[in-house]
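Converting from the sequence shown to this note's numbering requires adding 52 to each position, the first position being numbered 1.
Cβ coordinates follow ideal geometry from the N, Cα and C atoms, glycine included.
Keep in mind the model is a prediction, meaning the values are calculated, not measured.
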Amino acid sequence: MQTIQWRPEVNAMTTPQSWRILAVPRNSAGIEDIAADIAREHPNFNKADILTILRAEDKAVQARLLNGEQVTKEGSWSWFVSFTGRLEHPDDPLPPLDECLQVSVRISPPFAKAIRQIAHTERLPARLKQPLISTARDALLGLNNVLNPDGLLQLGGRNLAFDPKQPGSQCVIAGTESGSAVQTRFAKIEDSGIMLMPDIPAQSQPWNNEYTVSVSTRYSEHGTLRTGTCGQMLRSPLTLSGFGQPDPPEAGILSGKETSPHVSVLGGSVAADEMLRIQVILDLRKDALLFSLLDMHEGGKTGAAVTVTANGELTLQGFADSAVTNLTVRVNNYVGLKEMLRNDYGGRLVDVLVVRVA
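This is how it looks when you write it as C-alpha cells:
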C-alpha cells in the first residue's frame, strides 16, 4: 500500500513545547520519472514522446501567461500571474518586473480532496536524541537572542548536558560571515540549560554581528557525537560613536553576513551616551518595512514607526525620556533586508545600539 510518511518534530518556537507534523518525502521525482510512470500506464505511448509533450506543456502555459491569461487544467491546478508592491500615485510606473511580477500555482479543491480521501499515512519515529536549544537569553539585559560580551548567556532546552573535557563535546558560537569560538567559561551545564560568559569571535566587518550557537555531546562513552543548533540567530550590540561631532562616522546595522550593510546610521541628535534598540518589522499587508527605536525592555517605550518601501534616507524619532532625540538612517538594500526578515527572522529584526557622543 502506498503511504505518505510523517514524523513528529519539535517546534522550538513555542512555549510550552509542542510538536509539528512533518511530512517526510520518500524521494524527489522529476520530469523523467513522470514520463516513465505515464508510459507504464499507457504503453501505446513511448517515454520520449511523453517527455516532448510535458516540455511542450510548460512552453504553452508560459505563452498563455505572457498573454495575460489564467491557465486552468480542469480538476487539478491553475497557473496565474499577480503583482506585489504598491504605487504612491495611480499614474506611477510599475516597479521593475523582477521585483513585483509573481507567478503562482493554485491547487483545485477537488484535486486536494481526492488525495485526502484515498491517502494513507505512515508514522515514522521521532529523530534520534540530540541537543535542543529552544531559547537563548542575555541575563544582564534580559533580552532574547542577544549576545552580549559583558553579559551572561542562558541557553534553555533539553538534552544539553555535555562534558567539555570529552573530545568533540562542546558549545560553539560562530559568526554567520566568519569566525568561530569554542566556549570555555561556564557557570552551569545541565540537561535543561547552560549558562556561560560568551567568548564572541570577531567577524570581517563591524556590521557582521549575527551569530549561531550550537551544542555537541555524546550520550554514552562511545556514542555518536550529536549536535543541536539554536533555531534563532543571536545578535551582538553595535557601537555607534562620534555623535558629538558634526559628521559622525557612518555605521552599518540590521545586516547579516553581507559584505556591505543593508542599513547604515548616518547621524542624529544625541544628548548623552545611551543603549537602545532599533527594530524593523516586515508588514505583509502593506508590503513594507516598519522602522522604529525602542528602549531596552520588551513592551517598553517606543518611538514612532516609519514606513519604508524602497532604498533611501529616513529619520527615526526617539522615545520618551531618551537621550537620543532622533537618528538618521539610510536603507542601502531594501530587497535584501526584506528577504532576510522573511527567510531568517520571522518578520522581525532588532539590533541593540550603544550610541556614544564621543
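Smallest Cα separation from A164: which of S130, V332, R138? Here residue 164 refers to the residue found at position 112 of the sequence shown. Selected option, being the one with the closest Cα: S130.
Quick check on this structure: which residue in R394, R408, L341 has the alpha carbon closest to the alpha carbon of G138? The sequence position of residue 138 within the sequence shown is 86, counting from 1. With the sequence shown as reference, residue 138 is identified as Arg, and Gly is not the correct amino acid for it. The shortest CA-to-CA distance from R138 to any of R394, R408, L341 is the one to L341.
What are the boundary residues of the alpha helix (DSSP H) that V113 is part of? As a first step, residue 113 must be located in the sequence shown, where it is residue number 61. Going by DSSP, V113 is part of the alpha helix (DSSP H) stretching over 99 to 118.
Of the residues Q222, T228, G245, the one placed nearest T236, counting alpha carbons only: In the sequence shown, the residue the question calls residue 236 occupies position 184. Of all alpha-carbon atoms in Q222, T228, G245, the one lying nearest the alpha-carbon of T236 is that of Q222.
I252 and S230: beta carbons closer than 7 angstroms? Within the sequence shown, residue 252 is the residue found at index 200, counting from 1. Within the sequence shown, residue 230 is the residue found at index 178, counting from 1. Cβ atoms of I252 and S230: not closer than 7 angstroms.
According to the Cβ coordinates, are I305 and D243 closer than 7 angstroms? Here the question's residue 305 lines up with position 253 in the sequence shown. Here the question's residue 243 lines up with position 191 in the sequence shown. Against a cut-off of 7 angstroms, the Cβ pair of D243 and I305 comes out as no contact.
Span separating the alpha-carbon of L248 from that of R278: If you number the sequence shown from 1, residue 248 lands on position 196. If you number the sequence shown from 1, residue 278 lands on position 226. Cα to Cα, L248 sits roughly 20 angstroms from R278.
For N211, the nearest candidate out of P298, I246, N98 (CA to CA): Within the sequence shown, the letter at position 159 stands for residue 211. Minimum Cα distance to N211 is reached at I246.
Which residues in the same chain have their Cβ closer than 6 angstroms to the Cβ of S344, if we skip the five residues on either side of it in sequence? As a working note, residue 344 is residue 292 in the sequence shown. Within the same chain, Cβ atoms closer than 6 angstroms to the Cβ of S344 are found at Q331, T354, G355, A357, the five residues on either side in sequence being excluded.
Mapping the DSSP letters down to three states, classify A226 as helix, strand or coil. Taking the sequence shown and counting its residues from 1, the one referred to as residue 226 is at position 174. Correct three-state label for A226: strand.
DSSP three-state assignment for P161, whether helix, strand or coil: Here residue 161 refers to the residue found at position 109 when the sequence shown is read from its first residue. In the displayed model, P161 falls within a helix according to three-state DSSP.
Nearest to A362 by alpha carbon, out of L74, V133, E151, R78? Here residue 362 is taken as the residue at index 310 of the sequence shown, counted from 1. Per the Cα distances, E151.
With H, G and I counted as helix, E and B as strand and the rest as coil, what does DSSP make of K181? The sequence position of residue 181 within the sequence shown is 129, counting from 1. The three-state reading of DSSP puts K181 in coil, since its state is none of H, G, I, E or B.
Along the alpha helix (DSSP H) that carries D335, what are the first and last residues, could you check? By 1-based counting over the sequence shown, the position of residue 335 is 283. From DSSP, D335 is part of no alpha helix (DSSP H) but of the beta strand (DSSP E) over 326 to 335.
Three-state class that DSSP yields for A303 in the structure shown: Walking along the sequence shown from the start, residue 303 turns up at place 251. Reduced to three states, the DSSP call for A303 is strand.
With DSSP as the reference, label E121 as helix, strand or coil. Indexing the sequence shown from 1 puts residue 121 at position 69. Assignment of E121 by DSSP, reduced to helix, strand and coil, places it in the coil class.
Going by beta carbon distance, what residues of the same chain come within less than 6 angstroms of S256, once the five residues before and after it are set aside? Sequence index remark: in the sequence shown, residue 256 carries index 204 (1-based). Excluding residues within five positions, the ones whose Cβ falls inside 6 angstroms are E229, S230.
Quick check on the burial criterion: 16 or more other C-beta atoms within 10 angstroms. Buried or exposed for S307? Here residue 307 refers to the residue found at position 255 when the sequence shown is read from its first residue. Buried, since its Cβ has 16 or more Cβ neighbours within 10 Å.
Confirm, please, whether the CB-CB distance from L290 to L334 is below 7 angstroms. What you label residue 334 is simply residue 282 of the sequence shown in a count that begins at 1. What you label residue 290 is simply residue 238 of the sequence shown in a count that begins at 1. Not in contact: L334 and L290 (Cβ atoms no closer than 7 angstroms).
Taking the beta carbon of H314 as the centre, do at least 16 other beta carbons fall within 10 Å, making it buried, or is it exposed? Position 262 of the sequence shown, counting from 1, holds the residue named residue 314. So H314 counts as buried.
For G351, collect the residues of the same chain with a Cβ closer than 7 angstroms to its Cβ; drop the 5 residues on either side in sequence, then sort them by chain order. Position 299 of the sequence shown, counted from the first residue, corresponds to residue 351. None.
For the ligand MN, is there any heavy atom lying closer than 6 angstroms to the beta carbon of A188? No copy of the ligand MN occurs in the structure displayed, which carries no ligand at all.
Look at the alpha carbon of N79 and the alpha carbon of Q154, and state the distance between them as a whole number of angstroms. Along the sequence shown, one-based indexing puts residue 79 at 27. Along the sequence shown, one-based indexing puts residue 154 at 102. As the crow flies, the alpha-carbon of N79 is around 28 angstroms from that of Q154.
Buried or exposed for Q284, please, with buried defined as at least 16 other CB atoms from any protein chain shown within 10 angstroms of its CB. Taking the first residue of the sequence shown as position 1, residue 284 is located at position 232. So Q284 ends up on the buried side.
For F97, is the classification buried or exposed, using 16 other Cβ atoms within 10 angstroms of its Cβ as the cut-off for buried? Along the sequence shown, one-based indexing puts residue 97 at 45. With fewer than 16 other Cβ atoms within 10 Å, it is exposed.
Below 7 angstroms CB to CB, which residues in the same chain sit around L184 once its five sequence neighbours on both sides are set aside? The residue given as residue 184 occupies position 132 in the sequence shown. Same-chain partners within the cutoff: V62, A64, G209, R210, N211, G280.
Can you list, in chain order, the residues of its chain whose CB lies under 6 angstroms from that of N261, leaving out five sequence neighbours each side? Here residue 261 refers to the residue found at position 209 of the sequence shown. R287, S288, L290, listed in sequence order.
Reduced DSSP category for Y397 - H, G, I as helix; E, B as strand; rest coil: Position 345 of the sequence shown, counting from 1, holds the residue named residue 397. In the structure shown, Y397 sits in coil (DSSP, three-state: anything other than H, G, I, E or B).
Please report the straight-line C-alpha distance between A233 and G319, rounded to a whole angstrom. Residue mapping note: residue 233 aligns to position 181 of the sequence shown, counting from 1. Residue mapping note: residue 319 aligns to position 267 of the sequence shown, counting from 1. Near 33 angstroms, if we compare the C-alpha coordinates of G319 and A233.
Quick one: Cα of T173 to Cα of T55, how far? Start at 1 with the first residue of the sequence shown, and residue 173 comes out as number 121. Start at 1 with the first residue of the sequence shown, and residue 55 comes out as number 3. T173 and T55: Cα-Cα distance of roughly 5 angstroms.
So K99 and A91 are supposed to be a Cβ contact under 8 angstroms. How far apart are they, rounded? What you label residue 99 is simply residue 47 of the sequence shown in a count that begins at 1. What you label residue 91 is simply residue 39 of the sequence shown in a count that begins at 1. Correct: roughly 4 angstroms between the Cβ atoms.
Return the Cβ separation of V407 and E326 in integer angstroms, given the expectation that the two are a contact with Cβ distance under 8 angstroms. As a working note, residue 407 is residue 355 in the sequence shown. As a working note, residue 326 is residue 274 in the sequence shown. With a contact defined as Cβ atoms closer than 8 angstroms, V407 and E326 qualify at about 5 angstroms.
Which one of N378, A372, A375, L366 has the shortest CA to CA distance from Y386? Translated into the one-based positions of the sequence shown, residue 386 becomes position 334. With distances taken between Cα atoms, Y386 lies closest to L366.
Assuming I73 is part of the alpha helix (DSSP H), what are its boundary residues? As a first step, residue 73 must be located in the sequence shown, where it is residue number 21. That residue, I73, is in no alpha helix (DSSP H); its beta strand (DSSP E) goes 70 to 75.
Go to A323, then tell me how far its alpha helix (DSSP H) extends in each direction, as first and last residue. For the purposes of this step, residue 323 is identified with residue 271 of the sequence shown, where counting begins at 1. A323 -> no alpha helix (DSSP H), and no H or E assigned at all.
Can you tell which of L328, E310, T269 has its C-alpha closest to the C-alpha of L292? In the sequence shown, residue 292 corresponds to position 240, counting from 1. Checking every option, the nearest Cα to that of L292 belongs to L328.
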